[in-house]
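Residue numbers (the working numbering): 34 to 224. We treat Cβ as the ideally placed atom computed from N, Cα and C, and that holds for glycine. Fair warning: this is a prediction, and the values are worked out from it, not measured in the lab. This report concerns only the one structure given below.
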């Protein structure tokens, strides 16, 4: 198998492979373009966001400086907001529902590396997808690690590190993040 095929199949892969790196270079080129655009011209930014991401709902907003590894593995719903300094390392797919807000400096990570230094010297990456539901708010500096599924109507507190799946309708906080409060789903009351 080629390294890119291993990556796409969810197997360990060589992250220095030229085909794998081509995805990263495309993402760097498009994020540089997006980050350099006039922040007051949201309409001009939308086509670049749509070119960078795999799929985008209505009214996306991505503030500078945004970074990603691929871009095409990012799938967001309607009214997606990425505040200043957001990073999505989308080596594996990242699916985010409607009405999601990612706070400044927050990170969604889909890639890890082996604990073994022998394997790390071989440039081995291990990618696992991240899935996030609707009505999500991620506070400043929070981190979601590889392979995590987060439900609908979830708030991740500032600085939290999400290491395990999160159910619907709650607030998680801490390192590692734990449920600290249940919250009501009021979406059926929105006009």
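Practice task
Quick one: which unbroken alpha helix (DSSP H) runs of 4-plus residues sit fully inside the stretch 121-196? Chain order, please.
Solution key: List check, alpha helix (DSSP H) in window: 150-153.
Practice task
State yes or no: is the C-beta of residue 194 within less than 8 Å of the C-beta of residue 178?
Solution key: Within the chain shown, numbered from 1, the residue matching residue 194 stands at position 161. Within the chain shown, numbered from 1, the residue matching residue 178 stands at position 145. Here residue 194 is near residue 178, since their CB atoms are less than 8 Å apart.
Practice task
Give the range of the beta strand (DSSP E) segment to which residue 212 is assigned.
Solution key: For this step, residue 212 is matched to residue 179 along the chain shown. Going by DSSP, residue 212 is part of the beta strand (DSSP E) stretching over 211-215.
Exercise for the section: Enumerate in chain order the residues of its own chain whose CB-to-CB distance from residue 97 is below 6 Å, with the five nearest sequence positions on each side excluded. Expected result: Counting from 1 along the chain shown, the entry for residue 97 is found at position 64. Taken in chain order, the residues that qualify are 68.
Exercise for the section: To the nearest angstrom, report how far apart residue 94 and residue 87 are at their CA atoms. Expected result: Start at 1 with the first residue of the chain shown, and residue 94 comes out as number 61. Start at 1 with the first residue of the chain shown, and residue 87 comes out as number 54. It is roughly 15 Å from the alpha-carbon of residue 94 to the alpha-carbon of residue 87.
Problem - Outcome for residue 132 when other beta-carbon atoms lying within 10 angstroms are tallied against a minimum of 16 - result: As a position in the chain shown, residue 132 is number 99, starting the count at 1. Counting of Cβ neighbours within 10 angstroms places residue 132 among the buried residues, the total reaching 16 or more.
Problem - Own chain residues within Cβ distance below 6 Å of residue 156, not counting five before or after - result: Taking the first residue of the chain shown as position 1, residue 156 is located at position 123. Hits under 6 Å: 47, 48, 49.
Problem - Reduced DSSP category for residue 206 - H, G, I as helix; E, B as strand; rest coil - result: For the purposes of this step, residue 206 is taken as residue 173 along the chain shown, with counting starting at 1. It is a strand residue.
Exercise for the section: Can you give me the Cβ contacts of residue 116 inside the same chain, cut-off strictly under 7 Å, excluding the 5 residues immediately before and after it? Expected result: For the purposes of this step, residue 116 is identified with residue 83 of the chain shown, where counting begins at 1. Excluding positions up to five away in sequence, the list reads 96, 135, 136, 137.
Exercise for the section: Find the nearest neighbour of residue 215 within the set 197, 209, 188, judged by alpha-carbon distance. Expected result: Working through the chain shown from its first residue, we reach residue 215 at position 182. Minimum Cα distance to residue 215 is reached at 188.
Exercise for the section: Only counting runs of 3 or more residues, tell me where the beta strand (DSSP E) segments fall wholly within the stretch 77-112, in order along the chain. Expected result: If one requires a minimum length of 3 residues, the beta strand (DSSP E) runs lying completely within the stretch 77-112 are 107-109, in chain order.
Problem - residue 82 to residue 89 span [Cα, whole Å] - result: For the purposes of this step, residue 82 is taken as residue 49 along the chain shown, with counting starting at 1. For the purposes of this step, residue 89 is taken as residue 56 along the chain shown, with counting starting at 1. C-alpha of residue 82 to C-alpha of residue 89: approximately 8 Å in a straight line.
Exercise for the section: Report the option in 139, 118, 113 whose CA atom is closest to the CA atom of residue 129. Expected result: Counting from one through the chain shown, the residue named residue 129 turns up at place 96. The shortest Cα separation from residue 129 among 139, 118, 113 belongs to 113.
Handout entry: Beta-carbon proximity check, residue 120 vs residue 106, cutoff 8 Å
Key = Residue numbering aside, residue 120 sits at position 87 when the chain shown is read from its first letter. Residue numbering aside, residue 106 sits at position 73 when the chain shown is read from its first letter. Contact: no.
Handout entry: For residue 102 and residue 57, believed in contact at Cβ under 8 Å, the rounded distance
Key = Translated into the one-based positions of the chain shown, residue 57 becomes position 24. Translated into the one-based positions of the chain shown, residue 102 becomes position 69. The Cβ separation is near 5 Å, so the contact holds.
Problem - Length of the line joining the Cα atoms of residue 222 and residue 37 - result: As a position in the chain shown, residue 222 is number 189, starting the count at 1. As a position in the chain shown, residue 37 is number 4, starting the count at 1. Each residue's alpha carbon lies about 46 Å from the other.
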